[in-house]
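Numbering (full-length UniProt numbering), first residue to last: 1 to 186.
Every residue, glycine too, gets a C-beta built ideally from N, C-alpha and C.
These figures come from a predicted structure and were not determined experimentally.
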């Protein structure tokens, strides 16, 4: 496959089918919808945002991994019932409804919007990497280290950063040590 070199991050490049006339089914990462979508590649040129489905998901959906169970897609399961449930959609950072068949599926499946938000919004906060922000202040704060699975101190610069920032270890523990590893029982 001949691709012209462009920007460094292929996932941030626009979809480009190229000028040739072949019809090759490929996948690209759509930054607006924040998911991998199929397109017909012409067979030459184009750009590096051109993958198999698996390659696209592995390369461009890394962010979803930080959502844990809440990054899983809505999955109806194998059975045919129609139970209205809630799932967390990372692209919109909101809980939305879907119909669950009653068996199978995955853990991104909640009985209420409140339950979905309690688990997934905490998980979203607690799975973010530590971010001190660009300012040069020196404020002692706490963040949840998802790799070490514990709250750790850091020096916050005083601006920007992200929501994985707490004034006390107790506040960090309360939100993250209870919410990050929650698994739904079936």
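Where residue 232 falls: helix, strand or coil (DSSP)
Because the chain here runs from 1 to 186, residue 232 falls outside it and cannot be looked at.
I'd like the ranges of any beta strand (DSSP E) spanning at least 3 consecutive residues and lying wholly in the UniProt domain "BPTI/Kunitz inhibitor" (70–120).
As far as the UniProt domain "BPTI/Kunitz inhibitor" (70–120) is concerned, its whole beta strand (DSSP E) runs of at least 3 residues are 83–89 and 94–100.
Helix, strand or coil at residue 125 [DSSP, three-state]
For the purposes of this step, residue 125 is identified with residue 125 of the chain shown, where counting begins at 1. For residue 125, the secondary structure class from DSSP, reduced to helix, strand or coil, is helix.
With distances taken Cα to Cα, identify the nearest neighbour of residue 148 among 130, 162 and 42.
Position 148 of the chain shown, counting from 1, holds the residue named residue 148. The shortest Cα separation from residue 148 among 130, 162 and 42 belongs to 130.
Assuming the contact rule is C-beta atoms closer than 8 Å, residue 67 and residue 85 should be a hit. Round their C-beta distance to whole Å, please.
As a working mapping, residue 67 is identified with position 67 in the chain shown. As a working mapping, residue 85 is identified with position 85 in the chain shown. Contact between residue 67 and residue 85 fails: their C-beta atoms lie close to 17 Å from each other, not under 8 Å.
For residue 19, the three-state DSSP class (helix, strand or coil)
Numbered from 1 along the chain shown, position 19 holds the residue referred to as residue 19. Coil, per DSSP.
From residue 175 to residue 122, what distance separates their C-alpha atoms?
The count along the chain shown starts at 1 and reaches residue 175 at position 175. The count along the chain shown starts at 1 and reaches residue 122 at position 122. Rounded to whole angstroms, residue 175 and residue 122 show a C-alpha spacing of 6 Å.
Can you name, in chain order, every residue of its own chain whose Cβ lies under 6 Å from the Cβ of residue 72, other than the five neighbours on each side?
As a working mapping, residue 72 is identified with position 72 in the chain shown. The answer, listed in chain order, is 106 and 108.
Which partner residues of residue 26 appear in the DSSP bridge assignment?
As a first step, residue 26 must be located in the chain shown, where it is residue number 26. According to DSSP, residue 26 bridges with 39.
Measuring only the C-alpha atoms, how far is residue 179 from residue 22?
The residue given as residue 179 occupies position 179 in the chain shown. The residue given as residue 22 occupies position 22 in the chain shown. Any reading at residue 179 needs caution, since the residue's pLDDT is 45, under 50, leaving its predicted position unreliable; the model's value is listed next. Our two residues, residue 179 and residue 22, have alpha carbons roughly 49 Å apart in a direct line.
Which ranges does the alpha helix (DSSP H) cover as unbroken runs of at least 4 residues, wholly within the UniProt domain "BPTI/Kunitz inhibitor" (126–176), from first to last along the chain?
Complete alpha helix (DSSP H) runs here, min 4: 169–172.
How would you label residue 104, buried or exposed, when you count the other beta carbons within 10 angstroms and need 16 or more for buried?
Your numbering for residue 104 matches position 104 in the chain shown. By the 10 Å Cβ count, residue 104 comes out exposed.
Should residue 172 and residue 144 be called a contact, given that it needs their Cβ atoms to be closer than 8 Å?
For the purposes of this step, residue 172 is taken as residue 172 along the chain shown, with counting starting at 1. For the purposes of this step, residue 144 is taken as residue 144 along the chain shown, with counting starting at 1. With contacts defined as CB atoms closer than 8 Å, residue 172 and residue 144 qualify as a contacting pair.
Given residue 163, which residues of its chain have a CB within under 6 Å of its CB, disregarding the five upstream and five downstream residues?
As a position in the chain shown, residue 163 is number 163, starting the count at 1. Same-chain partners within the cutoff: 125.
Quick one: residues in its chain with C-beta nearer than 8 Å to the C-beta of residue 141, no 5 flanking neighbours on either side, listed in chain order?
Along the chain shown, read from residue 1 onward, the residue named residue 141 stands at position 141. For residue 141, where only same-chain residues beyond five positions count, the Cβ hits under 8 Å are 153, 154, 155, 156, 165, 166 and 167.
Please classify residue 58 as buried or exposed, where buried requires at least 16 neighbouring CB atoms within 10 angstroms.
Start at 1 with the first residue of the chain shown, and residue 58 comes out as number 58. Its Cβ having fewer than 16 others within 10 Å, residue 58 is exposed.
Within the same chain, show all residues whose beta-carbon is closer than 6 Å to that of residue 5, passing over the 5 residues directly before and after it, in chain order.
Here residue 5 corresponds to residue number 5 of the chain shown, with the count starting at 1. In this predicted model, residue 5 has a pLDDT of only 44, less than 50, meaning its place in the structure is not dependable; the value taken from the coordinates is given anyway. Hits under 6 Å: none found.
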